[in-house]
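Heads up, the final residue of the sequence shown is numbered 362 in my numbering, and it's a clean run with no missing numbers.
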Amino acid sequence: MDVQLARLEPISPPEGESFADCLLRGLHQTPKQIACKYFYDEAGSRLFDAICELPEYYQTRTEVALLRRHAGEIAALMGRDVEILEFGAGSLRKVRILLDAAQNPYAYTPLDISGDYLQEVMRALAADYPALVLRPVVGDFTGPLEIPDLPGRNAKTCRRAGFFPGSTIGNFKPDAAMALLRQMRASLNGGGLLIGVDLVKDPVRLHAAYNDAAGVTALFNKNLLARANRELGADFDPDAFAHYAPYNAAAHRIEMYLVSLKRQSVRLCGRQFDFAAGEPVHTEDSHKYTIESFREMACRAGFNPRAVWMDEDRLFAVHWLESR
Ligand code: AVI
């Protein structure tokens, strides 16, 4: 097979809300907030890669180990000639584990908001998997996205399998997470979804994962302010804000904030924003699930939860969900 359709030719849907729009809207709200998807400019993506290597951040290495250990079973569930759709193409390290184990994988369709990033990762993948059809899709996978069948293929001849690793589902509030699962199901044409989900656990362990000793997560959080300075000419002083990430045990989630360390004003896009001393800006939630609470949500989103794999310490789970 040597089809190379759509190689390096991204499909781009219309633009959504910009970073500037998000800031202008979110900093007028009470409490102030900034959407977490804006963490990931080039500097933020590099900081996130560094987070994934931290001793306290067990998620990435635990998930990678699970994918490696169960790659054969996963490949059997995905089936032959599969098209893998990755929602938010992050570290290609993870999808390579699936591509290496899959039985004659046909195509890889990564969806990501950064076109430049996609081009770069596709180039590396194209060299290593010359027979694979690569179809990058530039866009926000949280919005409705129609992904047409590959030419000459349909749901019967090329089954789709979704891949959503990293527990990114946890960054959505439960209602939004369910809506997102529904939407993913719609784009899978009856195929299954392999999804990584961080588990509810000892709050001390969770707290440490978002409050690392080296301060990388603090830099990642403050990169939102640095990004506003770089891209929009704002005059935030990132040192005048504290990274604060408590675990809310009742809601099973880490909440991340930037807290103003003093009374201050910031200029952004020709407007002034005032911050009281101690005022928080909410930047992220990271929800944790039990096996049961996640499976229940997946059922409500129209999936049949099938296999689930966990490490011995029950830190992280990888679920295989089938479309109903
Ligand atoms: C991408 N997402 C799953 C990460 C998480 O753990 O919620 C983002 C992150 N925020 C701080 N550290 C990592």
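We put the beta carbon where it would ideally sit given N, CA and C, even for glycine. Note that the coordinates shown come from a computational prediction; the quantities given were computed from them, not determined experimentally.
Under the DSSP definition of a beta bridge, residue 145 partners with 121 and 171. Residue 70 sits in a strand when the DSSP states are folded into three classes.
In the DSSP assignment, residue 282 falls within the beta strand (DSSP E) that extends over 279-282. Judged by DSSP in its simplified three-state form, residue 112 adopts helix. The DSSP assignment places 153-166 as complete runs of the alpha helix (DSSP H) inside the segment 152-200, in order along the chain (cut-off: 4 residues). Counted as a single uninterrupted DSSP element, the stretch harbouring residue 360 is not any alpha helix (DSSP H) but the beta strand (DSSP E) occupying residues 354-361. Taking non-hydrogen atoms of the ligand AVI into account, the C-beta of residue 94 is found less than 7 Å away from none of them.
Taken in chain order, the whole alpha helix (DSSP H) runs of length 4 or more contained in the segment 307-348 are 329-338.
For residue 76, the three-state secondary structure derived from DSSP is helix. Contact between residue 196 and residue 121 is confirmed by a C-beta separation of about 5 Å, below the 8 Å threshold. Of all C-beta pairs linking the segment 63-80 to the segment 253-265, three or more are shorter than 8 Å, placing the two stretches in contact. Around the beta carbon of residue 290, a 10 Å sphere encloses 16 or more other beta carbons of the protein chains shown; the residue is thus reported as buried. One thing to note: residue 228 has its Cβ no nearer than 8 Å to the Cβ of residue 199. Secondary structure at residue 301: coil, using DSSP grouped into helix, strand and coil. If you draw a straight line from the Cα of residue 70 to the Cα of residue 144, it comes to about 45 Å. Contact check for residue 171 against residue 149 fails: the beta carbons are separated by 8 Å or more. By the C-beta criterion, the segment 215-223 is judged not to be in contact with the segment 243-261, since fewer than 3 inter-stretch pairs fall below 8 Å. Annotation: residue 64 is outside any beta strand (DSSP E); the continuous alpha helix (DSSP H) that includes it extends over 57-64. A heavy atom of the ligand AVI is found nearer than 7 Å to the CB of residue 258. Secondary structure of residue 138 (DSSP, three-state): helix. Residues of the same chain with a CB within less than 6 Å of the CB of residue 159, apart from the 5 flanking positions on each side, are 130 in chain order. Inclusion of residue 156 and residue 114 in the CB contact set at 8 Å is not warranted, their separation being larger than that value. Take the alpha-carbon of residue 244 and the one of residue 328: they are about 14 Å apart.
When C-beta atoms of the segment 314-325 are compared with those of the segment 58-70, three or more pairs fall below 8 Å, so the two segments count as touching. A check of alpha carbon separations from residue 186 across 180, 173 and 178 identifies 173 as the nearest. The alpha-carbon of residue 304 is positioned some 19 Å away from that of residue 56. If you check the C-beta of residue 82 against the ligand AVI, you find no heavy atom less than 7 Å away.
Per the Cβ contact rule, the segment 327-341 is not in contact with the segment 87-104 (fewer than 3 Cβ pairs under 8 Å).
Non-local C-beta neighbours of residue 109 in its own chain, meaning closer than 8 Å and more than five positions away in sequence, comprise 135, 136, 138 and 139, ordered along the chain. For the pair residue 206 and residue 89, the CB atoms are not nearer than the 8 Å cut-off.
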